[in-house]
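Undergrad: Respectively, the protein sequence lines represent chains A and B.
For the first sequence, the residue numbers in numbering that gives the first Met the number 0 are 0 to 245.
For the second sequence, the residue numbers in numbering that gives the first Met the number 0 are 0 to 245.
Cβ atoms here follow ideal geometry from the backbone N, Cα and C, with glycine treated the same way.
There are 2 protein chains.
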Amino acid sequence: MNAPTISHISCADCPIRHRAVCARCESDELEALDAIKYYRSYEAGQPIIWSGDVMNFVGSVVSGIATLTQTMEDGRTQMVGLLLPSDFVGRPGRDGAAYNVVATTDMVMCCFRKKPFEELMAQTPHIAHRLLEMTLDELDAAREWMLVLGRKTAREKIASLLTIIARRDASLTPRGAVNSMTFDLPLTREAMADYLGLTLETVSRQMSALKRDGVISLEGKRRVSVPDMGRLFEEAGDDSDGGFMS
Amino acid sequence: MNAPTISHISCADCPIRHRAVCARCESDELEALDAIKYYRSYEAGQPIIWSGDVMNFVGSVVSGIATLTQTMEDGRTQMVGLLLPSDFVGRPGRDGAAYNVVATTDMVMCCFRKKPFEELMAQTPHIAHRLLEMTLDELDAAREWMLVLGRKTAREKIASLLTIIARRDASLTPRGAVNSMTFDLPLTREAMADYLGLTLETVSRQMSALKRDGVISLEGKRRVSVPDMGRLFEEAGDDSDGGFMS
DNA sequence: CGCGGCCTTGACAATCGTCAAAACATGTGG
DNA sequence: CCACATGTTTTGACGATTGTCAAGGCCGCG
């Protein structure tokens with residue numbers, strides 16, 4: 000039932016070559032990584048790791064999307080991260096996974112067994128530096144999300160999420176500064192709710208409200224059009240557009 | 000009006016020597032750090048950095064407590080981190096501060112000008128590694144806090160905060176596994192509210208409720224006694240005590 | 001004593017969650 | 001092709017939690 004195994008691809012041809020943990024590597028360092036890497040694919044919906052499980056690998060998302068979630072005993076769940084292509088999974092220096100990682104679309108990961116990766120990292124400052132840089136970026140993102148979770152209204156939360164997804168989409172397929180955008184929502188209403196600390200009913204209602212007020216329009220349930228990105232940023236309550244318009 | 004300048008202290012005598020960014024350094028590396036470090040002190044209430052300001056130093060908290068906050072245009076504010084002794088302030092590789100940093104008690108910091116520190120870090124894997132480790136810990140803490148902000152009730156939020164402070168206090172002054180504890184709350188009700196994504200009135204009400212229900216008792220406004228830590232963990236909704244009881 | 005912070009408490013309102021029903025899409029098997 | 005089952009989304013009615021506004025208490029300090 001697994002997706003087919005992926006054949007070995009040269010790092011030089013890798014689509015995330017310049018953004019992943021290997022971004023700063025020289026060609027010899029890349030060869031060392033190439034020697035220990037392997038690809039794994041996951042189907043949409045498949046769990047990658049359960050919180051508490053022993054993790055004997057780390058890796059980078061090559062394509063597809065995964066979510067990082069935490070759950071309480073009674074089932075309440077909170078998404079704590081969204082993993083997109085080039086994002087790193089796993090923590091060198093720790094055995095157990097701290098979160099559930101689930102593929103929400105079909106996914107391909109570039110994996111390394113943890114032990115050899117840790118050894119290589121100890122000898123390769125370029126990898127360690129890049130990982131530090133990526134971790135600091137994730138920390139900033141997590142802290143920005145704390146403001147969303149702690150202080151924004153349901154409507155602002157939805158607008159904030161749409162803003163983030165739009166921004167990511169724009170960075171993947173640059174098209175210059177434009178005022179309107181259309182993109183796919185890679186999350187179910189429930190996943191959106193788990194990200195935003197809301198119920199799925201509230202998410203649905205606020206999506207309808209934003210549609211009714213002309214901030215967005217929907218084609219099907221998942222495709223979103225934003226006629227005026229500036230308006231969306233205002234709705235998100237952000238004091239700036241995060242450099243989106245330029 | 001500033002607190003007096005602190006004289007130069009040898010790293011060997013530093014109280015945070017084994018936990019800060021320099022924890023892994025050998026003696027020669029420590030000498031290099033010692034050569035570029037300087038101490039700064041701040042009085043309770045003083046701002047250390049405003050979000051957006053240029054930051055020309057980084058450093059470690061030696062003593063005292065500071066808060067990291069984000070604010071929206073309309074004044075809503077969310078605390079995104081609590082800086083305790085040994086925590087690192089600033090981000091190598093970035094000029095502007097992303098958050099407001101404010102001393103909530105009298106504080107002493109061990110500072111480095113950013114440029115020399117960055118250069119030293121490039122040559123000293125022990126520093127870079129330790130900083131990565133600390134950043135990963137902070138990321139975990141931020142993600143754990145996302146669950147608190149997104150999914151917990153007001154009562155659970157308060158209990159979670161008390162749990163964290165109790166745990167930190169216990170790690171500073173170890174006393175073995177005990178079932179009851181007393182500690183000082185280093186935050187005003189407003190600061191607690193900003194941490195928890197609540198209003199100060201709700202914080203006050205829930206503190207009163209926990210007192211009424213015998214989960215805590217108060218001596219003055221700031222000193223908290225917990226007769227049964229297990230009960231507090233339950234109230235926090237955590238599925239474990241985080242290794243506190245042992 | 002009186003002032004200013006900080007905290008508590010009350011009354012009321014607003015937001016968001018809960019429970020329930022129904023619309024809609026998608027896939028399976030007859 | 002239809003019937004049916006399943007999963008997702010929308011919408012409504014209602015209730016609970018939390019926020020807002022307001023008043024008053026406690027405490028240290030000039």
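If you drop the 5 nearest sequence neighbours on each side, which residues of the same chain put their C-beta closer than 6 Å to that of Trp49/B?
TA: Here residue 49/B corresponds to residue number 50 of the second sequence, with the count starting at 1. Hits under 6 Å: Asn99.
Undergrad: To test your reading of the DSSP string, which unbroken alpha helix (DSSP H) runs of 4 or more residues are found completely within the stretch 151–180 of chain B?
TA: You should have 153–171.
Undergrad: Going by DSSP, name the residue or residues bridged to Ala65/B.
TA: Position 66 of the second sequence, counting from 1, holds the residue named residue 65/B. Answer by DSSP bridge pairing, in chain order: Leu82/B and Ala102/B.
Undergrad: Just verifying my parser: in three-state terms, what is the DSSP assignment at Cys10/B?
TA: As a first step, residue 10/B is located in the second sequence; it is residue number 11 there, counting from the start. In this structure, Cys10/B counts as helix in the three-state DSSP scheme.
Undergrad: Any chance you could list the beta strand (DSSP E) runs of at least 3 consecutive residues sitting entirely within the stretch 176–238 of chain A, in chain order?
TA: Within the stretch 176–238 of chain A, the complete beta strand (DSSP E) runs of at least 3 residues are 180–183, 216–218 and 222–225.
Undergrad: What do you get for Asp27/B, buried or exposed, if any count of 16 or more other CB atoms within 10 angstroms of its CB means buried?
TA: By 1-based counting over the second sequence, the position of residue 27/B is 28. Answer is exposed; the Cβ neighbour count stays below 16.
Undergrad: So the alpha helix (DSSP H) Pro115/B belongs to, where does it begin and stop?
TA: Counting from 1 along the second sequence, the entry for residue 115/B is found at position 116. It spans Lys113 to Gln122 - the alpha helix (DSSP H) in which Pro115/B sits, taken as one unbroken run.
Undergrad: Residue range of the beta strand (DSSP E) that Ile47/B falls in?
TA: Position 48 of the second sequence, counted from the first residue, corresponds to residue 47/B. Pro46 to Ile48 is the extent of the beta strand (DSSP E) around Ile47/B.
Undergrad: Mind listing which residues of the stretch 88–103 of chain B have their C-beta closer than 9 Å to chain A's C-betas, in chain order?
TA: Result list: Arg90, Pro91, Gly92, Arg93, Ala97 and Tyr98.
Undergrad: Any contact of the stretch 165–185 of chain A with the stretch 12–22 of chain B, i.e. 3+ C-beta pairs under 8 Å?
TA: As far as the Cβ criterion goes, the stretch 165–185 of chain A does not touch the stretch 12–22 of chain B, which means the pair count is below three.
Undergrad: Helix, strand or coil for Arg39/B, going by three-state DSSP, please let me know.
TA: In the second sequence, the residue the question calls residue 39/B occupies position 40. Strand at Arg39/B.
Undergrad: Does the beta carbon of Val20/A come closer than 9 Å to any beta carbon on chain B?
TA: Residue 20/A sits at position 21 when you count from the first residue of the first sequence. Chain B contact via Cβ: absent.
Undergrad: Among Leu148/B, Glu218/B, Ser85/B and Arg112/B, which has the Cα closest to the Cα of Asp94/B?
TA: The residue given as residue 94/B occupies position 95 in the second sequence. Looking at the Cα atoms, Arg112/B is the closest of the given residues.
Undergrad: From the DSSP output, which residues share a beta bridge with Thr70/B?
TA: Counting from one through the second sequence, the residue named residue 70/B turns up at place 71. DSSP lists Thr76/B as partners of Thr70/B.
Undergrad: Here's a check: name, in chain order, each residue in its chain whose Cβ is nearer than 6 Å to the Cβ of Gly229/B, leaving out the five neighbours to either side.
TA: By one-based count along the second sequence, residue 229/B stands at place 230. No residues qualify anywhere along the chain.
Undergrad: In three-state DSSP terms, what is Gly95/A?
TA: On the first sequence, position 96 is the one that residue 95/A refers to. Strand, per DSSP.
Undergrad: CB of Leu135/A to nearest heavy atom of the ligand NAD: below 8 Å?
TA: The ligand NAD is not part of the structure shown, which contains no ligands of any sort.
Undergrad: May I ask you to report which of helix, strand or coil DSSP gives Gly58/B?
TA: In the second sequence, residue 58/B corresponds to position 59, counting from 1. DSSP places Gly58/B in strand when its eight states are reduced to three.
Undergrad: Between Val57/A and Met133/A, is the Cβ-Cβ spacing less than 9 Å?
TA: Taking the first sequence and counting its residues from 1, one reaches residue 57/A at position 58. Taking the first sequence and counting its residues from 1, one reaches residue 133/A at position 134. Not a contact, by the Cβ cut-off of 9 Å.
Undergrad: Could you tell me whether the Cβ of Asp139/B comes closer than 9 Å to any Cβ of chain A?
TA: Counting from 1 along the second sequence, the entry for residue 139/B is found at position 140. Taking Cβ atoms only, chain A reaches closer than 9 Å to Asp139/B, which makes this a yes.
Undergrad: Measuring only between beta-carbons, confirm whether Ala190/B sits less than 9 Å from chain A.
TA: Counting from one through the second sequence, the residue named residue 190/B turns up at place 191. It does not; no Cβ of chain A falls within 9 Å.
Undergrad: Alpha carbons only, please: which of Ile164/B, Lys220/B and Phe232/B is nearest the one belonging to Val214/B?
TA: Counting from one through the second sequence, the residue named residue 214/B turns up at place 215. Answer by Cα proximity: Phe232/B.
Undergrad: With 9 Å as the threshold, decide whether the Cβ of Ala43/B is near any Cβ in chain A.
TA: Locating residue 43/B in the second sequence gives position 44, counting from the first residue. Not an interface residue.
Undergrad: Return yes when the Cβ of Val60/A is within less than 9 Å of the Cβ of Pro84/A, no when it is not.
TA: Here residue 84/A refers to the residue found at position 85 when the first sequence is read from its first residue. Here residue 60/A refers to the residue found at position 61 when the first sequence is read from its first residue. Result yes, Cβ atoms of Pro84/A and Val60/A sit closer than 9 Å.
Undergrad: Does the count of Cβ pairs from the stretch 134–152 of chain B and the stretch 211–225 of chain B closer than 8 Å reach three?
TA: Not touching, per the Cβ criterion.
Undergrad: Flag Pro124/B as yes if its beta-carbon sits less than 9 Å from any beta-carbon of chain A, otherwise no.
TA: Position 125 of the second sequence, counted from the first residue, corresponds to residue 124/B. Chain A, which has a Cβ nearer than 9 Å to the Cβ of Pro124/B, makes this yes.
Undergrad: State the DSSP-derived secondary structure class of Val20/A, mapped to helix, strand or coil.
TA: Within the first sequence, residue 20/A is the residue found at index 21, counting from 1. Looking at Val20/A - three-state DSSP - the assignment turns out to be coil, as it is neither helix nor strand.
Undergrad: Using a C-beta cutoff of 9 Å, does Gly229/A count as contacting chain B?
TA: Along the first sequence, one-based indexing puts residue 229/A at 230. So, not an interface residue.
Undergrad: State whether the stretch 150–169 of chain B contacts the stretch 196–213 of chain B, with contact taken as three or more CB pairs (one from each stretch) at a distance under 8 Å.
TA: Touching, per the Cβ criterion.
Undergrad: At a Cβ threshold of 9 Å, is Thr134/B touching chain A?
TA: The residue given as residue 134/B occupies position 135 in the second sequence. Interface residue, yes.
Undergrad: Can the beta-carbon of Leu67/A be found closer than 9 Å to that of Met78/A?
TA: One-based indexing of the first sequence puts residue 67/A at position 68. One-based indexing of the first sequence puts residue 78/A at position 79. Yes. Within cutoff.
Undergrad: Name the DSSP bridge partner or partners of Val88/A?
TA: As a first step, residue 88/A is located in the first sequence; it is residue number 89 there, counting from the start. Answer is Gly58/A, bridged to Val88/A.
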